[in-house]
Every structure is written in C-alpha cells, then in structure tokens.
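Sequential numbering from 251 applies to the sequence shown in this note's numbering. Below is one structure, written out as structure tokens, with a few remarks after it.
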Amino acid sequence: MPDSTTRADTLVLCMKRLQWHGSKIQTERLFGSLLLIHFPGADYSEGRSPIETWEIFKPFLDFIAQEYPDLKTCTLNFIGPNISRQLHQQVSTFSVQRQKQCLSEQEVKTTTQSGCIGQDHMSLPDMSVHLHYFAGSYENYMKGEAFVGKESMNVPETSPHLIVSYNAGIWGYDDWIPAIETILQNAQCPWLITSYNENEADDDKDVLIKIFPALHWYWKPEKNLMGANTPRQTRNSSGSTVWENDYWMCVGATKHRSTGATRSEIISCKN
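The structure is reproduced here in structure tokens:
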C-alpha cells in the first residue's frame, strides 16, 4: 500500500469495520443521503490546498460513492489550530462520478420489455463532496464559530457521523483536553484516533480514560493494517521510530458525565 494513501485507506477500513456486526447495517440507519466527518487536529498533512485534500481522500470518496448509491453528499470538515489561515472558512466543492451499474441479463429483461436499457438506467447521480476548513480549536468550532457561511456548504447543520484524528498525539499536548471533553461529552458517534506507534497509542488511551472514564470502546489500540510502510523522518528525542497511522483505536462516550444519560450508539462494530 502506498504511504500516500494511508489516510484514505485507514478511513475505508474504519468504515467497513464500523458497519459490520454479524450482518450489514442498512446505510439509512447510519447517515442516509448525507455523510459528515469531522477531522479535529487536522493540519497540512491533510492537504495544503483543497486540491491536495481532494487527492489525499479521493480513494475513500470513490469507495463510499460506489458502496452507497443513495449517498448524495459527503462533507469533510478539517479543524485545527495548524490549519493554514489561507484556508480558514474556505469551502470547496468537488464531484465524484459514479460508475455505471452492470446489470445481469435477467435484470435487463425485467427492466424494459424490449430488453434494452438506456444510459439513464445504468448511470447513477454524482456524489457531491464539500471540503470545509476551520483554523482554530475544535471546542470553538463546536460552539458555533465554525458555521459562518454554513449556507455555502449546501448541507444542513448536523452532528458528525464520524470523527477522525490522524496521529493525534493527545498524550503530549494539554491543548487537546478541551477538545477531548467536547467530543466525548457531545458527540454521538465514533471517534477514530491513530498514533505513530504502540507506545504513543497506549499513552493516548491512558489520557482518554483519565479524562473520561465512561468510554465505549469500539476497539482498543491495535496495529492498523493501513498504516504507513515507511518510517517518518523525525527528531524524536526518545529515539523511537514513528509511522503515519501505525496504531489505531476507536472510542465513543457511553454516558454523559453530568446527567448519566446513555449516549446513542449510531454505528455498531465487529470486534
């Protein structure tokens, strides 16, 4: 697997794992015609421009466009203090063209009396993709500061269906604490977190448990099959080797800290 696709491939594998629990869950129960993903902690690694971001996530977008023909819009919101100021509040729209459906001989015969099928029957509508950037903290984003110009996104304001933080390093930055609390107190969806290696993944897990003991584990830290194959060049003082998205875990809040109310589990997973 090329290291350039590790983010998209990790996201594809995550979606597959979350959507299966013995039998396939109906797409309508997950996100219907709209899929919204938040990326707190995003930076230049997710793209220095909308075109770069599009290219990085294109394999994932192609996958969901084909996997879910009823999905009309996918919105990816990239949030983080290290997002370029030039991208702040920028919204870019792309389109994923779906491949034509291949019908069996029997399907063709039952579709039209003549046995001939037109282009409009074989093709599916394109999927719209909105890329939105917010240069700031996730907690401020969720307070509403992110929704300036939300109409231009052409999607209804809604909670995310999935939250993803690549190589988060939450163990090493106190700035993550308000974001963690915001996510685990408010989000009703899985939060995928990747780490550079096993040690960092364990440290991330310890921080999460300390801040929010009532966690639902979709899966605990483990090797990510879609992690990078080439070590990342770093000046790590500890001398440890790091790989992009080497380990991953997926969590969600099961109870609200203040009320004890059970959080809804939107997506189930295969352990």
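Positions of the beta carbon are idealized from the N, C-alpha and C atoms, including for glycine. Fair warning: this is a prediction, and the values are worked out from it, not measured in the lab.
| Item | Value |
| --- | --- |
| Counting only runs that start and end within the segment 409–492, where is the beta strand (DSSP E) found for 3 or more residues in a row? | 412–415, 441–445 and 465–473 |
| Measure the alpha-carbon distance for Leu442 versus Phe344 and round it to whole angstroms. | 25 Å |
| At the level of alpha carbons, what is the spacing between Ile461 and Glu431? | 7 Å |
| So what does Leu286 bridge to, in DSSP terms? | Thr325 |
| Between which two residues does the alpha helix (DSSP H) containing Leu311 stretch? | Pro300 to Glu317 |
| Look at the alpha carbon of Arg257 and the alpha carbon of Lys322, and state the distance between them as a whole number of angstroms. | 22 Å |
| Can you tell me whether DSSP reads Leu261 as helix, strand or coil? | helix |
| Expressed to the nearest angstrom, what Euclidean distance is found between the alpha-carbon atoms of Arg348 and Tyr391? | 32 Å |
| DSSP state of Ser334, grouped into three classes? | coil |
| Going by C-alpha distance, which of Ser299, Arg298, Ile314 and Thr303 is nearest Leu285? | Ile314 |
| Should Ser490 and Asn449 be called a contact, given that it needs their Cβ atoms to be closer than 8 Å? | yes |
| Using a threshold of 8 Å, state whether the C-beta atoms of Thr480 and Asp259 are closer than that. | no |
| According to DSSP, is Ser378 helix, strand or coil? | strand |
| Excluding the 5 residues flanking Ser378 on each side, which residues of the same chain have their C-beta closer than 7 Å to its C-beta? | Lys322, Thr323, Thr343 and Ser345 |
| Which residues does DSSP pair with Ser345 in a beta bridge? | Ser378 |
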